[in-house]
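In the order they appear, the protein sequences are chains A and B. Here the numbering used here is used: the first residue of the first sequence is 249, the next is one more, and so on. Here the numbering used here is used: the first residue of the second sequence is 8, the next is one more, and so on. Think of the CB as a built atom: it goes at the ideal place given N, C-alpha and C, for glycine as much as any other residue.
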Amino acid sequence: MKIALVGASGFVGTRMMEKWLLEGSFEVVPVVRSYSSLAVMARFDLPWQVCNVMDPAALAKAFEGCDAVVHAAIGDPGQIERMAESIYRAAETARVRRLVVLSSASVHGQAPPPSTDETSPLHERHAMAYNTAKVRAERILNRLSASGSVEVSMLRPSVVYGPRSRWITDTARQLLDGSACLIRGGEAICNGIYVDNLIQAVELALTVPQAAGEVFLVGDAELVTWRAFYQCIADALGVGMESVRSIEPPTFARPLKERVGAITSLPVTQKLLPLIPSKLKRLTKVVLANWQETPAGNAWTLPSLATACVTTEELSLLQQCEWRLPMQKAQTVLGYQPGVPFNEAMRRSLAWLKFTGCPVPGII
Amino acid sequence: MGNDSISVVLVGCGAVSRFFYAPSLVALEASGLLKVEALVDPAPANIEPLAELFPQAAKVANLANLPLASRLVVIASPPKFHAPATIHALKSGATVLCEKPMASTVAEAETMVAAARASGSLLAVGLYKRFFPACEALKGLIEKESLGKLQRFTIEEGGKFGWQAASDSFFRKSVTPGGVLLDIGVHVLDLLLWWLDEPEAVRYEDDAMGGQEANCRIELTYRNGARGEVRLSRDWQTRNEYLFYFERGVVRYKVNEAQHLEIMADGMPTLLSGSLQNASRGEDRLRSGRVARTNPQSFIEQICNVAAAMQGREPLRIPGEEGVRSLRLIEQCYANRRLMAQPWLTPREAEAACRLSEGGVQ
Numbered sequence: 249m250k251i252a253l254v255g256a257s258g259f260v261g262t263r264m265m266e267k268w269l270l271e272g273s274f275e276v277v278p279v280v281r282s283y284s285s286l287a288v289m290a291r292f293d294l295p296w297q298v299c300n301v302m303d304p305a306a307l308a309k310a311f312e313g314c315d316a317v318v319h320a321a322i323g324d325p326g327q328i329e330r331m332a333e334s335i336y337r338a339a340e341t342a343r344v345r346r347l348v349v350l351s352s353a354s355v356h357g358q359a360p361p362p363s364t365d366e367t368s369p370l371h372e373r374h375a376m377a378y379n380t381a382k383v384r385a386e387r388i389l390n391r392l393s394a395s396g397s398v399e400v401s402m403l404r405p406s407v408v409y410g411p412r413s414r415w416i417t418d419t420a421r422q423l424l425d426g427s428a429c430l431i432r433g434g435e436a437i438c439n440g441i442y443v444d445n446l447i448q449a450v451e452l453a454l455t456v457p458q459a460a461g462e463v464f465l466v467g468d469a470e471l472v473t474w475r476a477f478y479q480c481i482a483d484a485l486g487v488g489m490e491s492v493r494s495i496e497p498p499t500f501a502r503p504l505k506e507r508v509g510a511i512t513s514l515p516v517t518q519k520l521l522p523l524i525p526s527k528l529k530r531l532t533k534v535v536l537a538n539w540q541e542t543p544a545g546n547a548w549t550l551p552s553l554a555t556a557c558v559t560t561e562e563l564s565l566l567q568q569c570e571w572r573l574p575m576q577k578a579q580t581v582l583g584y585q586p587g588v589p590f591n592e593a594m595r596r597s598l599a600w601l602k603f604t605g606c607p608v609p610g611i612i
Numbered sequence: 008m009g010n011d012s013i014s015v016v017l018v019g020c021g022a023v024s025r026f027f028y029a030p031s032l033v034a035l036e037a038s039g040l041l042k043v044e045a046l047v048d049p050a051p052a053n054i055e056p057l058a059e060l061f062p063q064a065a066k067v068a069n070l071a072n073l074p075l076a077s078r079l080v081v082i083a084s085p086p087k088f089h090a091p092a093t094i095h096a097l098k099s100g101a102t103v104l105c106e107k108p109m110a111s112t113v114a115e116a117e118t119m120v121a122a123a124r125a126s127g128s129l130l131a132v133g134l135y136k137r138f139f140p141a142c143e144a145l146k147g148l149i150e151k152e153s154l155g156k157l158q159r160f161t162i163e164e165g166g167k168f169g170w171q172a173a174s175d176s177f178f179r180k181s182v183t184p185g186g187v188l189l190d191i192g193v194h195v196l197d198l199l200l201w202w203l204d205e206p207e208a209v210r211y212e213d214d215a216m217g218g219q220e221a222n223c224r225i226e227l228t229y230r231n232g233a234r235g236e237v238r239l240s241r242d243w244q245t246r247n248e249y250l251f252y253f254e255r256g257v258v259r260y261k262v263n264e265a266q267h268l269e270i271m272a273d274g275m276p277t278l279l280s281g282s283l284q285n286a287s288r289g290e291d292r293l294r295s296g297r298v299a300r301t302n303p304q305s306f307i308e309q310i311c312n313v314a315a316a317m318q319g320r321e322p323l324r325i326p327g328e329e330g331v332r333s334l335r336l337i338e339q340c341y342a343n344r345r346l347m348a349q350p351w352l353t354p355r356e357a358e359a360a361c362r363l364s365e366g367g368v369q
């Protein structure tokens, strides 16, 4: 089977390329947006395609002769929505049989309510623009495939980790510099999936006939808490978990820049922007660039010994998740059984971390 | 502009010319030292952005019909085109400043050096990091042993590849024979050769599996007992730092921070992190001057040195012979390369990786 992989230079795409090339599973055509994205995949001698993924005509040319397309590209919220349409239309022009899309469990929010599964209704009022964009992208693909010729199968993974993943690098960095923290001790559920397990699900979505028109939640086999996830990394680094502070969920005020960005990215604003004088736009940019979110601090304070805790809105919400996302549908329809157990997945992820030069005494 | 300003022919109008040579040459034209006479590139679209900066310059597709005698020819085309263009320019009586890596192979580079000797023309190589005040200071510390003998060093350089490549030629092994080692490794190994001379032993591994390496690791040992490890990456964000462990202290140079060093010497309870300044030391006085050269100013200084050498005012700081040295070390690395262990691969993948790395077909 010949597969075009859109987003071949991302974290998931890089591992997918690597695995499929080395195992000889599929003939792969990597598709990326810029020449600079070729740097890591150039380890292999490949027939890559560099084109604008927002241009269906250029993409269709890149998809020529492919049986299927995997969409693993990332982008800002606006790009996520536009790419969905562009990739579907290109696949149709190139007479591709199936399109497998890496959507996200975040269409249900980072901390979905109990009983959430693939049948749970989606909404477009998420606090995080990324979630809403993923919902809209799924809806665009459903609308197009309802009347189009390309079969669409969508996967909804949550926390995808593995070599090159931010969940490994960022957590390790925070554990090493003392800024790691867990919401309420990290007792919430980490709906993780090791990247190789996700690739296994993609392979099934590509080949199982009943996957057409379906969406699947996918994850690892084990139930893992955030504390256990951090513990694995801390143990390998030789960092005691007592250094990881337990905190209450913080409130996140949206920075002015982000609020303005959300408004300007709306389609209606995009239409109105050309009418605004360029002088005013420039002035706004200067004001935003120099905007101080927090007032300057008081110099007459004692030196702080503790490193500030680091968390993000996304991480904070994920660490409040009390629902193990089910994957019965993936198991029943696709025959999905995660091949790499959690402990082995973490060992491989941390072995990669050691490969980068990070001191990981717990990994031989 | 003075009548005796040096005429410059810029060959290759890609990214390095747009982001480095063009702004430097604009500044030097304004100073009256140089004037850009011609812009050379087979792709007219590459020339246009530079033509706006140098409207008086001729726009030509190749060097063949240009008068080159007494000119400064800057070669900034892809590496595989360096040797023929350089040799042609040298034979035509031009001084050449050739961007790093000076050639694709040592054999090509030696031909270029021989052409310079035969023609009596100057050949300089663009290894501008030697002009960083921080790198000059490190050379002094190593040579004068101000903090004692150098015992060991670790170097990590690179990050997600961000260079705005204009085509995929940079990543095609058939056009550019090496990856991260031939790219940023040229600077790193050139600095090491400049600071420490030739290593006694070198052990090299990378992750190329039929293409170019995105990551590599080099272990070096020196006759004086010093040893070091270099890790280069186009794949993930490294610490981008050089750490030198001397007998009486540690010095850190952060990549591309041309005028900044950090020192923690024995007896200092804290780390000294600061900007380098020009200064003069008298019997009872320390006179500090302006802040030392910045990164862009170091690039400009490199061109100034070539211009001064053309005018007989200064010796050439990085002649062709120096450029060959790092290339020779790189070739030695590639000749003895081993595949890096990639412990996240399954046994079946690792076996295939070995096959591909050794030139097999998947």
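B:THR161 is bridged by DSSP to B:GLU236 and B:LEU250. Counting the other Cβ atoms within 10 Å of the Cβ of B:HIS95 gives 16 or more, which makes it buried.
Judged by DSSP secondary structure, A:GLN327 falls within the alpha helix (DSSP H) whose first and last residues are 325-341. Interface criterion met: the Cβ of A:SER284 is under 7 Å from a Cβ in chain B.
Between B:LEU130 and B:ALA123, the C-beta gap is smaller than 7 Å, which places the two residues in contact. For A:PRO411, the chain B residues whose Cβ falls inside 8 Å of its Cβ are TRP351, in order along the chain. Cα atoms of B:ILE310 and B:ALA286: separation of roughly 24 Å, rounded to the nearest angstrom.
For A:LEU270, the nearest CB of chain B lies under 7 Å from its own CB, placing it at the interface with that chain.
Neighbours of B:ALA52 across chain A, judged by C-beta separation under 7 Å, do not exist; the nearest C-beta is about 15 Å away. C-alpha of B:GLU338 to C-alpha of B:GLY192: approximately 12 Å in a straight line.
Taking 8 Å as the Cβ-Cβ cut-off, the region 583-598 of chain A approaches chain B at ARG596 and SER597, given in chain order. Taking C-beta separations shorter than 6 Å and ignoring five residues to either side along the sequence, the partners of A:CYS569 in its chain run ALA359, ALA436 and ILE437, following chain order.
Per DSSP, B:ASP213 is one residue of the beta strand (DSSP E) stretching across 208-213.
In this structure, the alpha-carbon of B:PHE26 lies about 51 Å from that of A:MET575. Per the DSSP secondary-structure output, B:GLY256 pairs in a beta bridge with B:PHE253 and B:ALA272.
Sixteen is the threshold: when 16 or more other Cβ atoms of the shown chains lie within 10 Å of the Cβ of A:ALA381, as they do, the residue is buried. The DSSP-derived three-state label of A:ILE611 is coil. Following the DSSP letters along the chain, one finds B:SER176 in no alpha helix (DSSP H), marked with neither H nor E. Cβ proximity to chain A below 7 Å picks out ASP214, ALA215, MET216, GLY217, GLY218, GLN219, GLU220, ALA221 and ARG238 from the region 208-238 of chain B. Contact between B:VAL187 and B:SER111 is ruled out by a C-beta separation of about 16 Å, above the 8 Å threshold. In terms of beta-carbon proximity, A:TRP600 lines the interface with chain B, with at least one pair separated by less than 7 Å. According to DSSP, A:MET402 shares a beta bridge with A:VAL349 and A:VAL463. C-alpha of B:ILE82 to C-alpha of B:ALA141: approximately 27 Å in a straight line. A distance below 7 Å separates the beta carbons of B:GLY218 and A:ARG291. In the DSSP annotation of this structure, B:PRO91 is not part of any beta strand (DSSP E); the continuous alpha helix (DSSP H) holding it starts and ends at 89-98.
The C-beta of B:ASP175 comes closer than 7 Å to at least one C-beta of chain A. For the C-beta of B:TRP170, the chain A residues within less than 8 Å are, from N- to C-terminus, SER284. Judged by DSSP secondary structure, B:THR102 falls within the beta strand (DSSP E) whose first and last residues are 102-106. Rounded to the nearest whole angstrom, the CA to CA distance from B:LEU200 to A:GLU386 is 56 Å. Note that the C-beta distance between A:LYS577 and A:GLU366 is below 7 Å.
By the rule that beta-carbons nearer than 7 Å mark a contact, A:GLY426 does not touch chain B. For B:ILE307, the uninterrupted alpha helix (DSSP H) run begins and ends at 302-317, by DSSP. Separation of A:SER494 and A:PRO325 (C-alpha to C-alpha, rounded to the nearest whole angstrom) is 31 Å. Between the C-alpha atoms of B:LYS151 and A:THR417 there is a straight-line separation of about 39 Å. Judged by DSSP secondary structure, A:ASN439 falls outside any beta strand (DSSP E); it is assigned neither H nor E.
When DSSP states are grouped into helix, strand and coil, A:CYS429 belongs to the strand group.
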